[in-house]
């Protein structure tokens with residue numbers, strides 16, 4: 001008699017059938033795979049600003065999130081700021097962990113591995129002599145990033161390590177952080193008397 | 202008679218005196234400039250997870266934020282998910298804008314430019330054939346990122362463009378996105394019977 005757990009289907013809440021269907025559909029219609037992600041940000045005071053995420057473009061049309069998501073960011077009190085939100089660099093770490101964790105759940109579902117808990121701890125050293133302009137040899141960003149997962153699942157430690165490895169291979173934020181992306185920043189002055197002038201910088 | 206606005210001091214809510222003092226102090230004590238930023242993330246269900254930011258290391262000791270900050274991330278309904286939060290890639294765009302905007306405010310304060318409003322619009326195209334594993338030639342991350350600032354300030358369009366340019370030069374998240382950062386991911390299985398086994402992946 002076969003042990004009951006051997007034939008059980010994992011239920012991690014990821015619709016793998018739909019994802020595989022989307023992959024199939026998009027490989028026949030690659031134009032629909034061209035997405036545009038967006039955010040806006042409004043300065044509030046000092047180093048405090050509020051980011052908003054609401055709509056994006058994908059599958060050939062404009063899409064809306066179920067609701068508007070907002071994120072306050074600020075600098076901490078040790079930077080003489082008011083600490084009205086997490087720092088932008090901490091928010092990047094949150095995004096990295098969120099992306100990898102979604103991947104872990106999706107890969108686990110595909111491999112029929114039942115997850116019970118997934119916890120990520122992220123740590124990233126930074127020498128702030130860079131952002132303060134003390135030493136031009138010090139970069140502004142992180143020196144490096146460490147992510148550690150503690151996972152409780154119906155799987156061996158090796159299978160869990162393989163889940164985490166596969167998640168990195170498909171993670172958008174892991175790619176953004178580990179590889180360079182071109183960022184173009186432009187500005188315009190709000191001219192109350194007429195059209196704004198635009199400047200590349 | 203001098204026009205009144207020529208001698209007015211800008212008030213953008215950034216304590217530039219304290220920041221310049223910190224720069225002075227940290228240039229004499231570079232060890233205190235070694236920070237460690239942290240985040241944790243807990244899987245909830247499917248692609249939905251919750252990130253938490255609470256403490257960090259800096260100025261030679263453990264520091265706490267004024268409060269705990271939490272961020273839900275999820276995939277949207279067009280990815281057959283429940284859309285219980287912004288996607289991790291949108292959260293990266295929020296972080297980028299938040300970092301650049303804090304820089305704009307700090308530089309404006311230092312240059313005695315009064316800001317009235319600062320709005321950033323960020324857009325980043327992505328071909329999701331990458332993350333879906335359809336085409337190995339397509340990267341998982343963004344093709345590129347565009348950030349546009351509309352700024353109302355007591356300054357010319359050229360001065361505003363210079364503010365935005367200087368902000369990029371000192372922005373940690375701009376550096377993280379435009380340059381590669383090494384990410385090491387490890388995992389351990391929660392073993393209810395004893396110590397967890399650790400695996401590099």
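Residue numbers (our numbering), protein chains in the order written: chain A, 1 to 201; chain B, 202 to 402.
C-beta atoms are modelled at their ideal positions from N, C-alpha and C, and glycine is treated no differently.
{"query": "Measuring only between beta-carbons, confirm whether residue 230 of chain B sits less than 8 Å from chain A.", "result": "no"}
{"query": "Could you tell me whether the Cβ of residue 201 of chain A comes closer than 8 Å to any Cβ of chain B?", "result": "Low local confidence applies: a pLDDT of 47 at residue 201 of chain A is under 50, so the model's placement there is unreliable, with the coordinate-based value given in what follows. Yes, its Cβ sits closer than 8 Å to a Cβ of chain B."}
{"query": "Quick check: the Cα distance between residue 373 of chain B and residue 9 of chain A, rounded to an integer number of angstroms?", "result": "44 Å"}
{"query": "So is residue 318 of chain B buried or exposed if we call it buried at 16+ other beta carbons inside 10 Å?", "result": "exposed"}
{"query": "Quick one: any contact between the region 107 to 125 of chain A and the region 91 to 98 of chain A, if contact means 3 or more CB pairs under 8 Å?", "result": "yes"}
{"query": "Near residue 166 of chain A, which residues of its chain fall below 8 Å by C-beta distance, leaving aside the five closest residues on each side in sequence?", "result": "103, 107"}
{"query": "Taking Cβ-Cβ distances shorter than 9 Å, what residues in chain B pair up with residue 113 of chain A?", "result": "Within chain B, no residue comes near residue 113 of chain A; the closest Cβ sits about 11 Å away, beyond 9 Å."}
{"query": "Would a C-beta distance cut-off of 8 Å place residue 378 of chain B and residue 327 of chain B closer than the cut-off?", "result": "no"}
{"query": "Quick check on residue 180 of chain A - is its C-beta less than 8 Å from some C-beta in chain B?", "result": "yes"}
{"query": "Say whether chain A places a C-beta atom closer than 8 Å to the C-beta of residue 342 of chain B.", "result": "yes"}
{"query": "Could you tell me the distance, in whole angstroms, from the CA atom of residue 233 of chain B to the CA atom of residue 310 of chain B?", "result": "25 Å"}
{"query": "Pull up the distance between the alpha-carbon of residue 227 of chain B and that of residue 129 of chain A, whole angstroms please.", "result": "7 Å"}
{"query": "From the DSSP output, in three-state form, read off residue 101 of chain A for me.", "result": "helix"}
{"query": "Ordered along the chain, which non-local residues of its own chain (more than five positions away) have a Cβ less than 8 Å from that of residue 143 of chain A?", "result": "124, 125, 126, 127"}
{"query": "Could you give the distance in angstroms between the alpha-carbon of residue 250 of chain B and the alpha-carbon of residue 68 of chain A?", "result": "17 Å"}
{"query": "Exposed or buried, what is residue 168 of chain A when buried is set at 16 or more other beta-carbons lying within 10 Å of its beta-carbon?", "result": "buried"}
{"query": "Is residue 189 of chain A helix, strand or coil by DSSP?", "result": "strand"}
{"query": "Checking contacts by CB at 8 Å: is residue 8 of chain A closer than that to chain B?", "result": "no"}
{"query": "Out of B:384, B:363, B:245, B:357, point me to the one whose CA is closest to residue 275 of chain B's CA.", "result": "B:245"}
{"query": "Could you name the residues of chain A that residue 286 of chain B contacts, counting a contact when the two beta carbons are closer than 7 Å?", "result": "69"}
{"query": "When we look at the beta-carbon of residue 191 of chain A and count the other beta-carbons within 10 Å, is it buried (16 or more) or exposed?", "result": "exposed"}
{"query": "Please compile the residues from chain B whose C-beta is within a distance smaller than 7 Å of the C-beta of residue 42 of chain A.", "result": "320"}
{"query": "Touch check for the region 378 to 390 of chain B and the region 210 to 221 of chain B: three-plus C-beta pairs under 8 Å?", "result": "no"}
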